[in-house]
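Q: Read in the working numbering, the sequence shown has 170 at position 157, and its numbers run on one by one without any break.
Note that CB positions come from ideal geometry on N, CA and C, so glycine has one too.
Quick one: the structure is below, and I'll ask about it shortly.
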Amino acid sequence: MSLHASCFANRVRGIDPFASAPTGAADRFLASAALLVKQAIFQPLVSGYDAIRFVAMNELVMEAHEATAMALGRPALFRYTRHLMDYDDCYAEDALKYLNNPRNPTVDRFSFLELLIASAQPRFGPHLNVLAERLTEMLQAQSLRLVIRDGRFEPSEGPAIEQVVHDPFWDLVADARWDNVRTDMQQALRLRDSAGPNPALYGARALESTVKIIASDNGWLTGRERGAANVIDMLVSARNGRFIEVWEAEMLKRFFADVRNPDAHGAGSAPQPKLSPAQTNWAIEFCMISIKSLIVRL
Numbered sequence: 014m015s016l017h018a019s020c021f022a023n024r025v026r027g028i029d030p031f032a033s034a035p036t037g038a039a040d041r042f043l044a045s046a047a048l049l050v051k052q053a054i055f056q057p058l059v060s061g062y063d064a065i066r067f068v069a070m071n072e073l074v075m076e077a078h079e080a081t082a083m084a085l086g087r088p089a090l091f092r093y094t095r096h097l098m099d100y101d102d103c104y105a106e107d108a109l110k111y112l113n114n115p116r117n118p119t120v121d122r123f124s125f126l127e128l129l130i131a132s133a134q135p136r137f138g139p140h141l142n143v144l145a146e147r148l149t150e151m152l153q154a155q156s157l158r159l160v161i162r163d164g165r166f167e168p169s170e171g172p173a174i175e176q177v178v179h180d181p182f183w184d185l186v187a188d189a190r191w192d193n194v195r196t197d198m199q200q201a202l203r204l205r206d207s208a209g210p211n212p213a214l215y216g217a218r219a220l221e222s223t224v225k226i227i228a229s230d231n232g233w234l235t236g237r238e239r240g241a242a243n244v245i246d247m248l249v250s251a252r253n254g255r256f257i258e259v260w261e262a263e264m265l266k267r268f269f270a271d272v273r274n275p276d277a278h279g280a281g282s283a284p285q286p287k288l289s290p291a292q293t294n295w296a297i298e299f300c301m302i303s304i305k306s307l308i309v310r311l
């Protein structure tokens with residue numbers, strides 16, 4: 014993960030990702046996470062040579078600190094403790110105190126934790142997978158509706174939705190041929206999580222790309238298709254072996270006509286169409302489920 018990517022606080026701007034969490038759950042998670050980071054990341058970086066005892070650890074902390082401060086638009090998150098002798102300076106305690114201090118904004122602390130782990134990735138590689146698994150267990154133990162995906166904290170609809178919808182979806186679109194599908198769905202989720210404009214539109218784009226890729230791979234496109242509905246006709250065509258059934262085709266067409274099209278075109282003088290948060294979640298998950306269903310038939 015790039016340290017210059019937007020951090021957790023920026024990705025959830027406009028919403029409260031902890032609104033449904035039990036009181037103190039985020040603080041308890043961060044306290045546990047700080048201990049885990051100390052054990053899994055900081056302690057292995059301590060050198061046996063006094064002159065460079067804390068050098069690797071301090072470099073990691075400074076890298077994550079500067080990246081987080083830059084992403085948040087802050088001059089600094091905390092001060093480094095300085096000693097008379099440079100080789101006695103240990104910034105790990107400063108980082109852990111920041112993570113454990115409930116007076117610091119919770120989303121900022123999650124951002125620092127996220128970028129701290131990202132900073133450690135080049136040094137530890139696949140060994141950090143175990144840390145991610147432990148953090149996931151801690152999130153669930155505290156009933157926090159977050160998931161760690163590609164090294165990032167992301168809002169979640171809960172373990173059941175993650176296991177049945179999201180995880181299989183991302184596995185299916187991991188191949189390069191589905192790059193546009195994956196990119197648009199990631200954008201849909203980013204906009205949903207930050208209360209951005211038209212998240213469902215990007216979910217619909219991912220679904221339309223899927224339909225076009227399948228039709229193209231099977232040689233069904235004629236070049237005269239004017240939109241998603243025409244491509245869906247290729248999938249439901251009996252001449253093409255009826256890749257999907259008529260009722261499925263009708264359902265997909267209704268989605269594009271009633272959900273995607275109003276957002277995809279200018280409203281003129283009429284009120285701008287807008288889905289509610291519940292409708293947005295439904296639309297994105299409908300697209301994910303439909304994409305999964307289409308891809309597994311290939």
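Rounded to whole angstroms, how far is the Cβ of S156 from the Cβ of A38, which I believe are closer than 8 Å?
A: By one-based count along the sequence shown, residue 156 stands at place 143. By one-based count along the sequence shown, residue 38 stands at place 25. Your pair S156 and A38 checks out as a contact, with CB atoms roughly 6 Å apart and the cut at 8 Å.
Q: Measure the C-alpha to C-alpha separation of P139 and A84 and round it to an integer number of angstroms.
A: Reading the sequence shown from its first residue, position 126 is the one you call residue 139. Reading the sequence shown from its first residue, position 71 is the one you call residue 84. Straight-line Cα distance between these residues: approximately 26 Å.
Q: Shortest alpha-carbon distance to D102 belongs to which of A242, D63, L202 and D271?
A: Your numbering for residue 102 matches position 89 in the sequence shown. The option with the nearest alpha carbon to D102 is D63.
Q: Roughly how far, in whole angstroms, is the beta-carbon of L128 from the beta-carbon of A77, given that I think they are within contact range, below 8 Å?
A: Counted from its first residue, the sequence shown places residue 128 at position 115. Counted from its first residue, the sequence shown places residue 77 at position 64. The pair is a contact, with the Cβ atoms about 5 Å apart (cut-off 8 Å).
Q: Within 8 Å, do at least three Cβ pairs link the segment 248-257 to the segment 194-206?
A: no
Q: Return yes when the Cβ of F166 is within less than 8 Å of the Cβ of F123, no when it is not.
A: The sequence position of residue 123 within the sequence shown is 110, counting from 1. The sequence position of residue 166 within the sequence shown is 153, counting from 1. Taking 8 Å as the Cβ cut-off, F123 and F166 qualify as a contacting pair.
Q: Tell me the DSSP secondary structure of V160 in three-state form.
A: On the sequence shown, position 147 is the one that residue 160 refers to. Looking at V160 - three-state DSSP - the assignment turns out to be strand.
Q: Look at the Cβ atom of A44, then the Cβ atom of L126, and state whether they are nearer than 8 Å.
A: One-based indexing of the sequence shown puts residue 44 at position 31. One-based indexing of the sequence shown puts residue 126 at position 113. Remark: C-beta atoms of A44 and L126 do not approach each other more closely than 8 Å.
Q: Taking the C-alpha atoms as reference points, what is the distance between Y207 and D121?
A: The residue given as residue 207 occupies position 194 in the sequence shown. The residue given as residue 121 occupies position 108 in the sequence shown. Note that residue 207 is Ser in the sequence shown, not Tyr. In a straight line, the C-alpha of S207 is about 15 Å away from that of D121.
Q: Between the alpha carbons of E263 and N71, how many angstroms are there, rounded?
A: To locate residue 263, count along the sequence shown from 1; it is residue 250. To locate residue 71, count along the sequence shown from 1; it is residue 58. E263 and N71 have their alpha carbons spaced roughly 59 Å apart.
Q: Along the chain, where does the beta strand (DSSP E) containing P168 start, and where does it finish?
A: Counting from 1 along the sequence shown, the entry for residue 168 is found at position 155. Segment R165 to P168, the beta strand (DSSP E) holding P168.
Q: Tell me whether the beta-carbon of A213 lies closer than 8 Å to the beta-carbon of I297.
A: Within the sequence shown, residue 213 is the residue found at index 200, counting from 1. Within the sequence shown, residue 297 is the residue found at index 284, counting from 1. Yes, Cβ-Cβ distance for A213 and I297 is below 8 Å.
Q: Return helix, strand or coil for H140, following the three-state DSSP convention.
A: If you number the sequence shown from 1, residue 140 lands on position 127. Correct three-state label for H140: helix.
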